[in-house]
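Student:
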Amino acid sequence: MKIMNAKQMMETARKKGYALPAINANGVTYDLARAILEAADELRSPMIIQEYEPNLEYRGYDGFTPLIKHLAGDLDIPICISLDHGKSVESVMRAVRAGFTHVMYDHASHPIEENIKNTNLVIDLVRPLGISVEAEIGNIFISKDEKVRAPVTSIEDIQKFMKGCDVDFLAVGVGTTHGIFKVQDNINFEHIKAIKKVCGLPIVLHGTSGVSMDDISRCVKAGMEKINFGEGIRMNYIQYFNELSTTLDHEYHVWRIMRAVKDKIKEDVKEIIRAVGSDGKL
Numbered sequence: 000m001k002i003m004n005a006k007q008m009m010e011t012a013r014k015k016g017y018a019l020p021a022i023n024a025n026g027v028t029y030d031l032a033r034a035i036l037e038a039a040d041e042l043r044s045p046m047i048i049q050e051y052e053p054n055l056e057y058r059g060y061d062g063f064t065p066l067i068k069h070l071a072g073d074l075d076i077p078i079c080i081s082l083d084h085g086k087s088v089e090s091v092m093r094a095v096r097a098g099f100t101h102v103m104y105d106h107a108s109h110p111i112e113e114n115i116k117n118t119n120l121v122i123d124l125v126r127p128l129g130i131s132v133e134a135e136i137g138n139i140f141i142s143k144d145e146k147v148r149a150p151v152t153s154i155e156d157i158q159k160f161m162k163g164c165d166v167d168f169l170a171v172g173v174g175t176t177h178g179i180f181k182v183q184d185n186i187n188f189e190h191i192k193a194i195k196k197v198c199g200l201p202i203v204l205h206g207t208s209g210v211s212m213d214d215i216s217r218c219v220k221a222g223m224e225k226i227n228f229g230e231g232i233r234m235n236y237i238q239y240f241n242e243l244s245t246t247l248d249h250e251y252h253v254w255r256i257m258r259a260v261k262d263k264i265k266e267d268v269k270e271i272i273r274a275v276g277s278d279g280k281l
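0 is the number of the first residue of the sequence shown in numbering that gives the first Met the number 0; add one for each residue after it.
#1: Since Val-253 is in the alpha helix (DSSP H), which residue starts that stretch and which ends it?
#2: Given a threshold of 16 other Cβ atoms within 10 Å of its Cβ, counted over all protein chains shown, does His-252 qualify as buried or as exposed?
#3: Compare the C-alpha of Thr-100 against each of Lys-6, Leu-36, Glu-189, Ala-12 and name the closest.
#4: Give a yes or no on whether the C-beta atoms belonging to Ser-216 and Phe-168 are separated by under 8 Å.
#5: In the structure shown, what three-state DSSP assignment does Gly-231 receive?
#6: Tell me the residue span of the alpha helix (DSSP H) that contains Ala-221.
#7: At what residue ranges does the stretch 33 to 86 contain a whole run of the alpha helix (DSSP H), taking only runs of 4 or more?
#8: Go through its chain and collect everything with a Cβ distance to Ile-194's Cβ below 8 Å, but skip five positions before and after it.
#9: CB Val-88 to CB Leu-120, shorter than 8 Å?
#10: Asp-2 to Lys-261, Cα distance in whole Å?
#11: Could you check where the beta strand (DSSP E) with Met-103 kicks off and where it finishes?
#12: On a Cα-Cα basis, can you pick out the residue from Asp-75, Ser-81, Tyr-17 that is closest to Ile-47?
#13: According to the Cβ coordinates, are Ala-21 and Phe-228 closer than 8 Å?
#14: Could you pull out every residue in the same chain whose Cβ sits closer than 6 Å to the Cβ of Gly-209, ignoring the five residues on either side in sequence?
#15: Among Leu-66, Arg-273, His-69, Lys-116, which residue has its Cα nearest to the Cα of Met-212?
#16: Excluding sequence positions up to five away, which residues of its chain have a Cβ less than 6 Å from the Cβ of Asp-40?
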């Protein structure tokens with residue numbers, strides 16, 4: 000097991016030409032975490048395994064790193080333990096104290112000047128500890144009563160942010176949004192290319208529910224270097240559980256249901272790994 004920060008992992012990814020898969024384990028969920036790590040190990044892929052701030056508020060910050068270390072055991076793959084969408088400096092520091100190696104500080108809904116100021120504060124606190132930092136420009140969320148019409152981050156805002164903030168990764172809006180969707184097919188691939196021309200930082204795609212694996216691969220080719228997966232994985236988790244709890248001969252053994260769910264999720268994760276091109280790259 001090689002626990003690394005995301006910046007260290009990105010050095011290899013850039014040399015070998017793939018994007019980093021970043022998958023949310025949704026509340027320190029054993030079966031999801033195990034599926035993610037088993038898929039990464041079987042396909043010889045690095046893996047960023049993440050938790051949302053609300054997940055950690057429910058399950059506790061201190062439980063995730065020990066779980067990952069337990070499940071990873073003797074696995075010989077690079078693993079990054081990441082906080083996704085940390086909304087406060089306090090939550091970021093709780094994650095760092097709990098052993099996380101990458102933090103995404105999300106201040107994108109605030110004015111860009113405030114985003115720069117607060118992100119710099121996070122960088123000053125955690126970079127000396129060897130923690131990589133991700134920020135977001137442009138609010139990738141839309142309200143639930145709107146159609147899928149995701150915002151696109153302007154080149155001007157990206158340039159302004161980069162002048163004021165030396166962050167390691169930058170999440171940008173290119174036509175996707177957070178939420179549960181059957182289909183998202185409005186990605187602006189040309190805008191991804193345009194961002195890469197002016198942004199030397201690794202750029203990150205959030206909000207991938209409903210995005211086809213073909214389009215994920217196109218995003219990688221256009222310049223995306225870290226791609227987050229959360230909503231689609233947890234949606235499949237619930238669907239598989241509902242299906243298997245009624246069709247599997249489990250004799251009311253919960254572990255039998257969850258093992259079968261884990262195996263299905265593992266195949267989903269393998270599709271993601273292949274789509275971002277990180278399979279067999281170790």
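Note that CB positions come from ideal geometry on N, CA and C, so glycine has one too.
Tutor: This is what the structure holds:
#1: Per DSSP, Val-253 belongs to the alpha helix (DSSP H) from 253 to 275.
#2: The residue in question, His-252, is exposed, as its Cβ has fewer than 16 Cβ neighbours within 10 Å.
#3: Across the set Lys-6, Leu-36, Glu-189, Ala-12, the C-alpha of Lys-6 shows the shortest separation from the C-alpha of Thr-100.
#4: No. Outside cutoff.
#5: Residue state, collapsed to three classes: helix.
#6: Ala-221 -> alpha helix (DSSP H) spans 212 to 221.
#7: If you keep only unbroken alpha helix (DSSP H) runs of at least 4 residues inside the stretch 33 to 86, you get 52 to 58, 63 to 71.
#8: So the list reads Thr-152, Ile-154, Ile-157, Val-171, Val-173, Ile-202, Gly-222, once near-sequence residues are dropped.
#9: Taking a C-beta distance under 8 Å as the contact criterion, Val-88 and Leu-120 qualify as a contact pair.
#10: The question names Asp, but residue 2 in the sequence shown is Ile. Answer to the nearest angstrom: the Cα atoms are 23 Å apart.
#11: Unbroken beta strand (DSSP E) run through Met-103: 101 to 104.
#12: Ile-47 has its Cα closest to that of Ser-81, out of Asp-75, Ser-81, Tyr-17.
#13: Their beta carbons are under 8 Å apart, which means Ala-21 touches Phe-228 by this criterion.
#14: Within the same chain, Gly-209 has close Cβ partners Phe-180, Lys-181, Val-182, Gln-183.
#15: Considering only alpha carbons, the answer is Arg-273.
#16: Within the same chain, Asp-40 has close Cβ partners Leu-74, Ile-76.
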